[in-house]
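Peer 1: Take a look at this one; I'll ask things after.
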């Protein structure tokens, strides 16, 4: 396989794996920029995957080809509401953010499996009938070299993920709301002094992370897994958290890190057709994304400075 053929097969596949991570990582950026640690991204993805698959199965006949798009929207809204549990525990009751996030992860998986057994009589749903399909962009796909790489065999959700990352950068760094959100994550007392409701902004940040996490989980389920079970979301939420840290809490940095992890995941699929990787044992290719996640979370890949008030509860009037 030539170099151009390798790129043509790898880049769409890498974006296929990266899109759910981009959505979820962007949500993590909003939560952690507001000062709330969100270990619960894994649970929010689980909830999104569960709701997206169940809605798709039950309403495919009603909405037809529009079902996958409505499914991910419903999943995002439900996950946003689900994330309020984390917000109440960590903001209102000032619980440890990490403990609350871990509880979200267990609660989402337990609730999803319980409802799956109640509705489907077993531990997994059936396969969806209206998944996302790859598409080819007219005219642009005919551009030499670039066309086959960037505009053929891509999922539309991959393009949407890139657009969302750019919008998130604009909202976070170019709007008054973004300034307020960043201020409560850096200096909550100063923000409070200037009339900003710290807890309200943090609630919004956590709910945005819930919305985006649900979007990421449902996109993963409707493009890759096509069903829901205990093993549908395994580690993708933690990869997204690693992308937040690796990307230095910046939306575009998180997107770049998610694409990097997407490339690592795609290696497991295309490694046999790449000359210098074909003799590498498959186990090393398979664990590569998780190894990179550990390195990113431990701060080995570059030094990252988190928001100053990240993980600290704010008590009005305290110093």
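In this note's numbering, the protein residues as written are 5 to 323.
Virtual Cβ for every residue (Gly too), placed ideally from N, Cα, C.
#1: Whole-angstrom Cβ separation of residue 222 and residue 55, contact assumed at under 8 Å?
#2: Measuring CA to CA, which of 40, 20, 255 is closest to residue 208?
#3: Tell me whether the beta-carbon of residue 226 lies closer than 8 Å to the beta-carbon of residue 76.
#4: Measuring CA to CA, which of 145, 159, 127 is closest to residue 138?
#5: Pop quiz: residue 113 and residue 175 are said to be a contact at Cβ under 8 Å. What is the actual Cβ separation, rounded to whole angstroms?
#6: Within its chain, find whatever has a CB closer than 7 Å to the CB of residue 256; leave out the 5 residues flanking it on each side and keep chain order.
#7: Would you check if the segment 121-134 and the segment 63-74 touch, i.e. whether three or more CB-CB distances between them fall below 8 Å?
#8: Name the two residues that bound the continuous alpha helix (DSSP H) containing residue 178.
#9: Taking just the CA atoms, how far does residue 187 sit from residue 194?
#10: Between the Cα of residue 23 and the Cα atoms of 312, 309, 162, 268, which residue gives the shortest distance?
#11: Between the alpha carbons of residue 91 and residue 206, how many angstroms are there, rounded?
#12: In its own chain, which residues sit with a C-beta less than 8 Å from the C-beta of residue 121, not counting the 5 before and 5 after it?
#13: Do residue 108 and residue 189 have their C-beta atoms closer together than 8 Å?
#14: Can the beta-carbon of residue 211 be found less than 8 Å from the beta-carbon of residue 28?
#15: Looking at residue 153: is its Cβ nearer than 8 Å to the Cβ of residue 10?
#16: Output needed for residue 61: all residues of its chain with C-beta closer than 7 Å, excluding positions within five of it in sequence on either side, in chain order.
#17: Could you check if residue 309 is buried or exposed, using at least 16 other CB atoms within 10 Å of its CB as the buried criterion?
#18: Report the CB separation of residue 260 from residue 21 in whole angstroms; it is logged as a contact under 8 Å.
#19: When we look at the beta-carbon of residue 184 and count the other beta-carbons within 10 Å, is it buried (16 or more) or exposed?
#20: Roughly how many whole angstroms lie between the Cα atoms of residue 295 and residue 251?
#21: Using a Cβ cut-off of 8 Å (strictly closer), state whether residue 250 contacts chain C.
#22: By how many angstroms is the C-alpha of residue 57 removed from the C-alpha of residue 224?
#23: Could you check the C-alpha separation between residue 123 and residue 229 for me, to the nearest Å?
#24: Is it right to say residue 37 is buried, meaning 16 or more other beta carbons lie within 10 angstroms of its own, or is it exposed?
#25: With distances taken from CA atoms, which of 53, 297, 320, 8 is nearest residue 150?
#26: Mark residue 30 as exposed unless 16 or more other C-beta atoms lie within 10 angstroms of its C-beta, in which case mark it buried.
#27: Thinking just about the alpha-carbon of each residue, which of 315, 218, 268 is nearest to the one in residue 87?
#28: I'd like the list of long-range same chain contacts for residue 203, defined as Cβ closer than 6 Å, with 5 residues on each side in sequence excluded.
#29: Around the Cβ of residue 236, are there at least 16 other Cβ atoms within 10 angstroms (buried) or fewer (exposed)?
#30: Using 8 Å for Cβ pairs, my map puts residue 268 next to residue 293. What's the rounded Cβ distance?
#31: Go ahead and pull the three-state DSSP assignment for residue 139.
#32: Is residue 42 buried or exposed, if buried means 16 or more other CB atoms sit within 10 Å of its CB?
#33: In three-state DSSP terms, what is residue 131?
Peer 2: Taking the structure as given:
#1: Taking the first residue of the chain shown as 1, we reach residue 222 at position 218. Taking the first residue of the chain shown as 1, we reach residue 55 at position 51. Residue 55 and residue 222 do touch by the CB rule: their CB atoms are close to 7 Å apart, below 8 Å.
#2: Your numbering for residue 208 matches position 204 in the chain shown. Ranking the options by Cα distance to residue 208, first place goes to 40.
#3: For the purposes of this step, residue 226 is taken as the residue at position 222 of the chain shown. For the purposes of this step, residue 76 is taken as the residue at position 72 of the chain shown. Cβ atoms of residue 226 and residue 76: closer than 8 Å.
#4: Here residue 138 is taken as the residue at index 134 of the chain shown, counted from 1. Comparing Cα-Cα distances from residue 138 to each of 145, 159, 127, the minimum goes to 159.
#5: Residue mapping note: residue 113 aligns to position 109 of the chain shown, counting from 1. Residue mapping note: residue 175 aligns to position 171 of the chain shown, counting from 1. That belief does not hold up - the Cβ atoms of residue 113 and residue 175 are roughly 31 Å apart, past 8 Å.
#6: For the purposes of this step, residue 256 is taken as the residue at position 252 of the chain shown. Result list for residue 256: 169, 173, in chain order.
#7: Cβ pair count under 8 Å is three or more, so yes.
#8: Locating residue 178 in the chain shown gives position 174, counting from the first residue. Going by DSSP, residue 178 is part of the alpha helix (DSSP H) stretching over 160-178.
#9: Here the question's residue 194 lines up with position 190 in the chain shown. Here the question's residue 187 lines up with position 183 in the chain shown. Distance from the CA of residue 194 to the CA of residue 187, rounded to the nearest whole angstrom, comes to 8 Å.
#10: Here the question's residue 23 lines up with position 19 in the chain shown. Of the listed residues, the one whose Cα sits closest to residue 23 is 162.
#11: Taking the first residue of the chain shown as position 1, residue 91 is located at position 87. Taking the first residue of the chain shown as position 1, residue 206 is located at position 202. Residue 91 and residue 206 have their alpha carbons spaced roughly 8 Å apart.
#12: Residue 121 sits at position 117 when you count from the first residue of the chain shown. Sequence-distant partners of residue 121 (beyond 5 residues in either direction) whose C-beta falls short of 8 Å from its own C-beta, in its chain, are 127.
#13: Within the chain shown, numbered from 1, the residue matching residue 108 stands at position 104. Within the chain shown, numbered from 1, the residue matching residue 189 stands at position 185. No, Cβ-Cβ distance for residue 108 and residue 189 is not below 8 Å.
#14: Mapped onto the chain shown, residue 211 falls at position 207. Mapped onto the chain shown, residue 28 falls at position 24. Not in contact: residue 211 and residue 28 (Cβ atoms no closer than 8 Å).
#15: As a first step, residue 153 is located in the chain shown; it is residue number 149 there, counting from the start. As a first step, residue 10 is located in the chain shown; it is residue number 6 there, counting from the start. No, these two residues do not count as a Cβ contact at 8 Å.
#16: Within the chain shown, residue 61 is the residue found at index 57, counting from 1. Excluding sequence neighbours, residue 61 sits near 129, 130, 132.
#17: Counted from its first residue, the chain shown places residue 309 at position 305. By the neighbour-count rule (16 or more Cβ atoms within 10 Å), residue 309 is not buried but exposed.
#18: By 1-based counting over the chain shown, the position of residue 260 is 256. By 1-based counting over the chain shown, the position of residue 21 is 17. Between residue 260 and residue 21, the beta carbon gap of about 14 Å keeps them out of contact (Cβ cut-off 8 Å).
#19: Start at 1 with the first residue of the chain shown, and residue 184 comes out as number 180. Burial of residue 184 is indicated by the presence of at least 16 other C-beta atoms within 10 angstroms of its C-beta.
#20: The residue labelled residue 295 in the question sits at position 291 within the chain shown. The residue labelled residue 251 in the question sits at position 247 within the chain shown. The straight-line gap separating the alpha-carbon atoms of residue 295 and residue 251 is approximately 17 Å.
#21: The structure shown has no chain C; it contains just one protein chain.
#22: By 1-based counting over the chain shown, the position of residue 224 is 220. By 1-based counting over the chain shown, the position of residue 57 is 53. One C-alpha to the other measures close to 10 Å.
#23: Position 119 of the chain shown, counting from 1, holds the residue named residue 123. Position 225 of the chain shown, counting from 1, holds the residue named residue 229. Using only the alpha carbons, I get a separation of about 19 Å.
#24: Position 33 of the chain shown, counting from 1, holds the residue named residue 37. When all chains shown are included, residue 37 counts as buried.
#25: Counting from one through the chain shown, the residue named residue 150 turns up at place 146. Residue 8 holds the alpha-carbon nearest to the alpha-carbon of residue 150 among 53, 297, 320, 8.
#26: The residue labelled residue 30 in the question sits at position 26 within the chain shown. Counting Cβ neighbours within 10 Å, residue 30 comes out buried, since at least 16 surround it.
#27: Taking the chain shown and counting its residues from 1, the one referred to as residue 87 is at position 83. Closest option to residue 87, Cα to Cα, is 218.
#28: Position 199 of the chain shown, counted from the first residue, corresponds to residue 203. 95, listed in sequence order.
#29: For the purposes of this step, residue 236 is taken as the residue at position 232 of the chain shown. Flag for residue 236 reads buried.
#30: On the chain shown, position 264 is the one that residue 268 refers to. On the chain shown, position 289 is the one that residue 293 refers to. Between residue 293 and residue 268 the Cβ distance is about 4 Å, and since that is below 8 Å, they are a contact.
#31: Here residue 139 refers to the residue found at position 135 when the chain shown is read from its first residue. Of the three classes helix, strand and coil, the one that applies to residue 139 here is strand, per DSSP.
#32: Working through the chain shown from its first residue, we reach residue 42 at position 38. Residue 42 comes out buried.
#33: The residue given as residue 131 occupies position 127 in the chain shown. In the structure shown, residue 131 sits in coil (DSSP, three-state: anything other than H, G, I, E or B).
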